[in-house]
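To start, the structure under review is shown below, and the notes come after it.
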Amino acid sequence: MRMDGQRESDNLEDRRGAGGGGLRLGGGRLSLGAIVIALVASYFLGVNPLTVLSMLDGGGLPAVEQHAPKAHRPPADDETARFVSQVLASTEDTWHQVFQASGKQYREPKLVLFSGVTPTACGTGQSAMGPFYCPGDQKVYIDLQFFDELKTRFKAPGEFAQAYVIAHEVGHHVQNLLGISEQVQRARQQVGEAEGNALSVRLELQADCLAGVWGKRTDTMKNVLEPGDLEAALNAASAIGDDRLQQQARGRIVPESFTHGSSAQRMHWFKRGFESGDMNQCNTFKAAQL
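Just so we're aligned, residue -6 is where the sequence shown starts under the numbering used here, counting upward by one.
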């Protein structure tokens, strides 16, 4: 992926090495053991980790530290951070263009680099959760060590695979701005667990499709893709499909517990967005077949 000379975003916050942060429940800081239990329950049982943490602390509601670690600009020689900043800038250019064409105004999200844990408006972010988007503060959070995991654990190397991950989370920001995320959240509260999971799958697949739209439009505007880049992104989408992750973790696949979509579905919707470059092709909620 050719990003040399591309502009960098002003919306990057680097909290690495800034210290502090964390979640306090009932006035006490969470132990590492409690966090591990919550993350395990979240992955294997589909339970919100904040719900588990609340139960472990006696039922109190989670509250974020009032003061986040002080953010700063990444060091000038941090090539990975520069790449992330350039990818973020390319998403800004793409979505400003798309929103303007439909008479809307795009609000740029912040992207936060952190290590280990960091406070967010959605609770305490953990590196073990992988990259995520918090609609409460309209920020994307990522521990850059995830890129190493993407290459080693998920066997999905390449810069465009890394860019896909960022573009997917920005896709959630687009959904938030359009009110889609809120609609899905309300709908999930009115249905059972299996139906709620199915709605989450459609939301995630739409974000994959939006990431594909970004990829196509960015390449059209800036000619950044090289041979093999599309395959790298599709490989990343496949590697983090629910079926593959469940097979690796449990030795079996439970489709009704999917929350992100199968490998084939994630590849299909990213490719659909990439081939069309049209976000109108990303309405997963009206698709009869995912």
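Ideal Cβ positions, reconstructed from N, Cα and C, are used throughout, including at glycine.
Give the range of the alpha helix (DSSP H) segment to which Thr252 is assigned. Position 259 of the sequence shown holds residue 252. Per DSSP, Thr252 belongs to no alpha helix (DSSP H) and is neither H nor E.
Three-state secondary structure (DSSP) at Gly116? Looking up residue 116 in the sequence shown gives position 123. Looking at Gly116 - three-state DSSP - the assignment turns out to be strand.
DSSP three-state call for Asp7: helix, strand or coil? Locating residue 7 in the sequence shown gives position 14, where the first residue counts as 1. Correct three-state label for Asp7: strand.
Evaluate contact between the region 221 to 237 and the region 178 to 186, counting only Cβ atoms and requiring at least three cross-stretch pairs below 8 Å. no
Three or more C-beta pairs closer than 8 Å, one from the region 105 to 116 and one from the region 142 to 149: is that the case here? no
Rounded Cβ spacing between Trp207 and Thr84 (contact assumed at less than 8 Å): The residue given as residue 207 occupies position 214 in the sequence shown. The residue given as residue 84 occupies position 91 in the sequence shown. With 8 Å as the limit, Trp207 and Thr84 qualify as a contact, their Cβ atoms being about 6 Å apart.
Quick one: what does DSSP say Val110 is sitting in, helix, strand or coil? Here residue 110 is taken as the residue at index 117 of the sequence shown, counted from 1. In this structure, Val110 counts as strand in the three-state DSSP scheme.
Identify whether Lys209 lies in helix, strand or coil by the three-state DSSP scheme. Position 216 of the sequence shown, counted from the first residue, corresponds to residue 209. Reduced to three states, the DSSP call for Lys209 is helix.
When DSSP labels each residue in this structure, what does Tyr157 get in the three-state scheme? Working through the sequence shown from its first residue, we reach residue 157 at position 164. DSSP places Tyr157 in helix when its eight states are reduced to three.
Where does the unbroken alpha helix (DSSP H) through Lys144 begin, and where does it stop? For the purposes of this step, residue 144 is taken as the residue at position 151 of the sequence shown. From DSSP, the alpha helix (DSSP H) with Lys144 extends over Gln138 to Thr145.
Candidates Leu106, Tyr126, Ser108 and Asp86: closest to Tyr370 by CA position: Any answer about residue 370 is impossible in this case: the structure gives the chain only from -6 up to 283.
Closest Cα partner of Ser193 within the set Leu81, Ser174 and Cys202: In the sequence shown, residue 193 corresponds to position 200, counting from 1. Ser193 has its Cα closest to that of Ser174, out of Leu81, Ser174 and Cys202.
Counting only runs that start and end within the region 158 to 243, where is the alpha helix (DSSP H) found for 4 or more residues in a row? 173 to 181, 186 to 215, 222 to 232 and 235 to 243
For Arg9, which residues of its own chain have a beta-carbon under 7 Å away from its beta-carbon, when the five flanking residues on both sides are left out? The residue labelled residue 9 in the question sits at position 16 within the sequence shown. Hits under 7 Å: Leu106, Phe107 and Ser108.
Along the alpha helix (DSSP H) that carries Phe92, what are the first and last residues, could you check? As a working note, residue 92 is residue 99 in the sequence shown. Looking at the DSSP string, the run of the alpha helix (DSSP H) that includes Phe92 is Glu72 to Ala94.
DSSP three-state label for Lys132, please. For the purposes of this step, residue 132 is taken as residue 139 along the sequence shown, with counting starting at 1. Reduced to three states, the DSSP call for Lys132 is strand.
For the beta strand (DSSP E) that Tyr126 lies in, which residues bound it at each end? For this step, residue 126 is matched to residue 133 along the sequence shown. Taken as a continuous stretch (DSSP letters only), the beta strand (DSSP E) holding Tyr126 covers Phe125 to Cys127.
Residue burial classification, Arg265 (beta-carbon count within 10 angstroms, cutoff 16): Mapped onto the sequence shown, residue 265 falls at position 272. Arg265 comes out buried.
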